[in-house]
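In this text, residue positions in the sequence shown follow our numbering: the first is 17, and each later residue adds one.
Ideal Cβ placement from N, Cα and C applies to all residues, glycine included.
Worksheet: the structure to be examined is printed underneath.
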Amino acid sequence: MDRTLKGVAYVSVWVLLWGTAASIADAVLLERGAYATGTAGQAVTFASYGLAAVVLAVRLAGRFLKPEA
């Protein structure tokens, strides 16, 4: 697979994982009344999941984006 295409696919998968995980956590927190829609709590939830996704993606990038021999 072309290195650029592989990189785009890698980032796309991480964006999907981040969005899915953050949305599930958000739904649970909204259901339990931890915060209301459109509040800072919701922003913190998505931002913290985004930061975690970035850290994991950078740490795992070497395994998935190494040049093919």
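- Rounded to whole angstroms, the separation of the alpha carbons of residue 58 and residue 78 is 32 Å.
- Segment contact: the segment 29–41 against the segment 69–77, three or more CB-CB distances shorter than 8 Å; contact assigned.
- In the DSSP assignment, residue 22 falls within the alpha helix (DSSP H) that extends over 19–47.
- For residue 61, the closest of 43, 76, 80 and 24 by C-alpha to C-alpha distance is 43.
- Taking the Cα positions, residue 53 is about 46 Å away from residue 84.
- Residue 27 sits close to residue 73, with the two beta carbons spaced by under 9 Å.
- In terms of CA proximity to residue 63, 38 leads the group 38, 21, 20 and 46.
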